[in-house]
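Structure record follows, encoded as structure tokens.
Numbering (full-length UniProt numbering), first residue to last: 1 to 371.
Next comes the structure, spelled out in structure tokens:
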């Protein structure tokens, strides 16, 4: 009986102690954050480091945008269920904190180890952790209300390991381009979550009265939508620099605009009374940002980004209207509809990226084509 009462706290403490020990033995500051580096002791005039050249100056504004997306955007987006608002926001905070720590170790082991065997940590390492936490939160959306805190801890650590390995295989080995994570974050998170949902399926799930929203809970969920919508360009643009970052912001904003318009149109067309459904407005309006992720930094042109957004918004809305109820017949209960917002738009983004990459030439990119 005592174990049942303390198993969550005990497991969480053991997990945190393990992560802490690994940090002690394998993680240290990157050179840009290390005060022991001699050039940090001198000013620029005396051939020291220029503070303006430190990566924190280039990344921190957009880093905070991504931070808000993870903890406020995703958290509040899932508060639409009237009885699971605390779970949505509280578990988002817990799982993200664990995911960031786990990802610093796992992602760092793949790509940020120096010649002494240490993982070098800088702002980009923490940013990678936030991307991993986004993957976990997408999966969490499929099982909200059906998973215990203990199960969430296990899923978080396991998924970070698998997702990091999958991303390394795709981007480092196969050289796939997915700057905003259409495939490696959104689609992976969606279908990992659906796999967990299939395992956790219960016959009484579809009959649950807890799967209801109120005007208040829907309004809180819209807060999450608005934060995500505003900051999504930063999510897609922060991994790149210069003209590519500028292009990523433009493309993502155009795609979001397209998905927003498409969602309102399709939602009205598919309703018997020509009304809008809040579940569509809360989610499918964001599908353009998901689909644009893989090609955000590419020369899709503004009209191309707009078309991608229109297609993503349409697919997502139709998915919520027709596909999600059908999935219940094969025991796939998707609480937040992550297949519609992240899964299918992510696949669309991956297909578009393959086409755009295959048709790229020097006329569009000059020497950047070979970078």
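Positions of the beta carbon are idealized from the N, C-alpha and C atoms, including for glycine.
Span of the beta strand (DSSP E), counted from its first residue to its last, around residue i
i           : result
residue 330 : Note, residue 330: premise wrong, no beta strand (DSSP E); not H, not E.
Beta bridge counterpart(s) of residue i as assigned by DSSP
i           : result
residue 28  : 120
residue 113 : 119
Rounded straight-line distance, which links the Cα of residue j to that of residue i
i           : j           : result
residue 273 : residue 61  : 44 Å
residue 346 : residue 233 : 16 Å
residue 324 : residue 26  : 44 Å
residue 12  : residue 259 : 40 Å
residue 405 : residue 74  : A question about residue 405 goes unanswered here, because the residues of the chain that appear run from 1 up to 371.
residue 305 : residue 236 : 13 Å
residue 256 : residue 225 : 12 Å
residue 364 : residue 251 : 16 Å
residue 57  : residue 239 : 14 Å
residue 39  : residue 172 : 32 Å
residue 348 : residue 193 : 19 Å
residue 141 : residue 245 : 29 Å
Any non-hydrogen atom of the ligand SAM closer than 7 Å to residue i Cβ
i           : result
residue 329 : The ligand SAM is not among the ligands present in this structure, which contains no ligands whatsoever.
Sequence-distant residues of its chain with Cβ nearer than 8 Å to residue i (five each side left out)
i           : result
residue 31  : 37, 120
residue 126 : 63, 100, 104
residue 313 : 258, 259, 260, 261, 262, 263, 266, 284, 285, 287, 288
Close beta carbons around residue i, own chain, < 6 Å, minus the five adjacent residues each side
i           : result
residue 241 : none
residue 267 : 276, 277, 280, 317
residue 33  : 122
residue 98  : 156
residue 310 : 258, 262
residue 265 : none
residue 80  : 213, 217, 218, 221
residue 381 : Any property of residue 381 remains undetermined from this structure, which presents the chain solely from 1 to 371.
residue 176 : 170
Chain-order list of residues whose beta-carbon lies under 7 Å from that of residue i (same chain, five-residue window excluded)
i          : result
residue 82 : 212, 213, 214, 217
For residue i, the first and last residue of its enclosing alpha helix (DSSP H)
i           : result
residue 298 : Residue 298 -> no alpha helix (DSSP H), and no H or E assigned at all.
residue 278 : 278-283
residue 336 : No alpha helix (DSSP H) contains residue 336, which DSSP labels as neither H nor E.
residue 78  : Per DSSP, residue 78 belongs to no alpha helix (DSSP H) and is neither H nor E.
residue 212 : That residue, residue 212, is in no alpha helix (DSSP H); it is neither H nor E in DSSP.
residue 55  : 55-68
residue 197 : 188-199
residue 267 : 242-269
residue 152 : 149-168
residue 348 : 344-358
residue 365 : 362-365
residue 373 : The structure shown does not extend to residue 373, since the chain is modelled only from 1 to 371, so the question has no answer here.
Residue-level contact to chain C via CB, residue i, 8 Å cutoff
i           : result
residue 134 : Given the protein chain composition of this structure (a single chain), no chain C is represented.
Does the segment 348-355 come close enough to the segment 293-303 that 3 or more CB-CB pairs lie under 8 Å? Yes, since at least three Cβ pairs between the segment 293-303 and the segment 348-355 fall closer than 8 Å, the two stretches touch.
Could you tell me whether the segment 143-155 touches the segment 102-110, using the rule of 3 or more Cβ pairs below 8 Å? The segment 143-155 vs the segment 102-110: no contact.
Below 8 Å, how does it come out for the segment 147-161 and the segment 330-339: are there three or more Cβ pairs, yes or no? Under the Cβ criterion (8 Å, minimum of three pairs), the segment 147-161 does not count as touching the segment 330-339.
Stretch pair the segment 171-190 + the segment 287-297: three plus CB contacts closer than 8 Å: At 8 Å Cβ cutoff, the stretches touch.
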